[in-house]
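With positions in the sequence shown counted from 1, the corresponding number in the working numbering is that position plus 918.
Inspection log for the structure reproduced underneath, given as structure tokens.
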Amino acid sequence: MEHDPLIGRRLGAYFIQEKIGEGGMAQVYKAYHERLRRDVAIKVILPQIADQAGFRERFEREAQLVASLEHHNIVAIYDFGEIGTITYLVMQYIGGGTLRDKLRKEGYIEPHQAVQYAIQMARALHHAHQRGIVHRDVKPQNMLISSSDSNELLLSDFGIAKMVVSNSHETLLYTSSAQGPHNPSLTSVDQLVGTAEYMAPEQINGQPVDARTDVYALGIVLFQMLTGRIPFSSTTVDGLLFQHVYTAPMSVREINPYVPEVLEQIIFRALAKAPEHRFQSAEAMAVALEAVQASPTHKFSVDNYSTFGRDPVTNSSPNRTLPTARPYNGPPMVTEAFQPNTPAIGNLSPGSGNIVAPVRPRAKSKVRLSYIMYSVITVLLIGLAVTKVQPLLCSNYNLLCFSNPSTSLPGGNAPFTNEDFHNNDHNWTIGSLDYGNLQADISNQRYTLTIGSAQNTYFPHPQLTASLPQNFTLTVKMAQVSGESHKLFGIAFHLLGTDQSVSGYVFAINGAGQYVVLKYNSNAESSLKAGTTTINNNQANTLKVIAHDKTYLFYVNDQLVQLQGTPDHSFTDNDQPFTGGQFGIYVTGPSTSFVVTSVKLTD
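Below, the structure written as structure tokens:
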């Protein structure tokens, strides 16, 4: 093991004894102040952070502000400074380990203690919020258990995340799990501040943060304490951020049925996508939790609670498939006011609104996005609503709406070559569908698709076609004729499905000149690529996909889309790629209309 040069060394008046932790911004040591005869914790800021332009000024300003916090559930700041190249904070030493340590060991926390911990953290946050301090990085790693009373939790690292924010946007994003190729602890410039598992949508979207941002993170922590896992799951940071913005959290009670329903309602409210639909202060959340504690109808003495067992290493039930998160039925633009996926407390329900899909296991995606594209991705990705429709055959399980592509039509399928919409020889989806929300019509050599007020995504396609070959070129000319310019439209290909699930790919653009490549895997959506490209504003655009085996090139108006990550700007799917299937059109609502004038498919 490599020797740490700080251990056994004096840092001012402090004798450093051992390293007790490290993260994306600092290393933490236990130290001893001989004159005061007091153990302390010293947080040494990593050099790559401390060397950022303007950091020392921010560090001093924030450290002074945080040191003014005096609350029995906040770790006290004793001192801060610099010695040589070392920038450090001296803090109260707690000694009982972190809440993350407890969760790793025990798997979950019984409701009465989880609620008590959450109340303490909410009150600590409220104390800081009243003084203008937003934590920005609320997570179990920053919650310390008192060595003298295991029922007491203290919150640490106030202001640390903000210390790395500068006018040049040199910020951090890291995950709470181990470092690795799919879990970087530290990223380069133009990233986000926080820990991906606990970040509120407004943090991800680069919007202003306030007390409600910390309320969201505390809701994640409470969910984790009660279930042993976080409400969103992905193999990549990208997937986590997508789900925070666009996917409703799974039900606590579907994982742990012994959690009182009213406690689940509190969590749903804390995790509302829009800050205005959450508790408006941490104190309000604390009061709601105290009401649960006091209610005689919600006692936590559940005899069978001990049967809710979890593997403390994986934090998942060893013999149980965890349910997936429901799709979030909210507006797709981060600049819009989100529709509440969580109504006011008292009428809280995970099934409110149009979220009607039963819980199904979510396929894991191993695809990694370029971090540079986050600002684009957060604008582009769409939350999909679920509707049971005929004749589109959208089952309650499906996130997609299109007639069954796995069913062969009588007489066999003919090769598709060209479509100019003189008629409907290829049997495209037409009519008034999805209870009138989709109007599809072919007339005047135009295929017109009009979406009503529901937040749905549709995949109209021709039924009289053969399966897509291994190599093909698919070209579609289409335009958006009404609706907001950020709505996506484009090409779907390799569509495969039954009445239970749908898979395939999407290449789409919007009127703002942004593109996205999406993948659906048995109803689980994931983003593959995103960026900006040149389009014809307020005119028709020609989209093209060239497929060679499992590698794809994408064009807009005959210009190659410059995908990041490969020299030839191609995309290759090496993670259970799809073949065959059908192609179709991809359109999103609400309140939009699109016109397709030509479709061409060649080998």
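Note that the Cβ used here is the ideal one computed from N, Cα and C, for glycine as well.
Check the Cα spacing between Phe1411 and each of Asn1459, Gln1373, Pro1495 and Asn1455: the tightest is with Pro1495.
Out of Leu1413, Lys1462 and Asn1355, the CA that lies nearest to the CA of Lys1395 is found in Lys1462. The DSSP-derived three-state label of Arg1130 is helix. Separation of the CB atoms of Ile1360 and Phe1390 is rounded to 23 Å, and the pair is thereby denied contact status at 8 Å. Under the 10 Å beta carbon count, Lys961 is surrounded by 16 or more other beta carbons and is classified as buried. In the DSSP assignment, Tyr1116 falls outside any beta strand (DSSP E) and carries neither an H nor an E. By the neighbour-count definition (other C-beta atoms within 10 Å, threshold 16), Arg1187 is a buried residue. Linking Thr1469 to Asp1476 through their CA atoms gives a straight-line distance of about 18 Å. For Leu1017, the enclosing alpha helix (DSSP H) begins and ends at Leu1017 to Glu1024.
Rounded to whole angstroms, the Cβ separation of Val1435 and Val1424 is 7 Å, and the two are in contact under 8 Å. In the three-state reduction of the DSSP assignment, Met1039 falls in the helix class. Going by DSSP, Gly1422 is part of the beta strand (DSSP E) stretching over Val1420 to Ile1427. Looking at the backbone, the Cα of Asp922 and that of Gly1013 are separated by about 21 Å. In the DSSP assignment, the residues bridged to Leu1392 are Val1463 and Leu1519.
Less than 8 Å separates the beta-carbon of Ser1403 from that of Gly1429. Cβ-Cβ separation between Leu1181 and Pro1029: approximately 7 Å, consistent with a contact (criterion under 8 Å).
Selection Asn1069, Gly1502, Asp1486 and Asp1467 evaluated against Asn1492 yields Asp1467 as nearest (Cα-Cα).
Between the beta-carbon of Leu1043 and that of Ala1209 there is about 18 Å, and that puts the pair past the 8 Å contact cut. Collapsing the DSSP output to three states places His989 in coil.
In the DSSP assignment, Ser1064 forms a beta bridge with Gly1013. Each residue's CA atom was taken as its position, placing Tyr1011 and Ala968 some 23 Å apart. Residue pairing by DSSP places Ile1503 opposite Ile1409 in a beta bridge. Judged by DSSP in its simplified three-state form, Leu1158 adopts helix.
Annotated three-state conformation of Gln1363 is coil, per DSSP. Counted as a single uninterrupted DSSP element, the stretch harbouring Phe1197 is not any alpha helix (DSSP H), since DSSP gives it neither H nor E.
When DSSP states are grouped into helix, strand and coil, His1044 belongs to the helix group.
The DSSP-derived three-state label of Pro1380 is strand. Residue pairing for Tyr1470: DSSP places it in a beta bridge opposite Ala1465 and Phe1489. Where Gln966 is concerned, the enclosing alpha helix (DSSP H) starts and stops at Pro965 to Ala968.
Ile1453 sits in coil when the DSSP states are folded into three classes, being neither helix nor strand.
Counted as a single uninterrupted DSSP element, the alpha helix (DSSP H) harbouring Ile1173 occupies residues Val1170 to Ile1173.
DSSP links Ser1444 through a beta bridge to Lys1437. Approximately 6 Å separates the beta-carbon atoms of Thr1510 and Ser1400; this is inside 8 Å, confirming the contact.
Ala944: member of the beta strand (DSSP E) spanning Ala944 to His951, first to last residue. Comparing C-alpha distances from Ala949 to each of Ile963, Pro965, Leu1017 and Gly926 shows the shortest one belongs to Gly926. The bridge partners DSSP lists for Lys1057 come to none.
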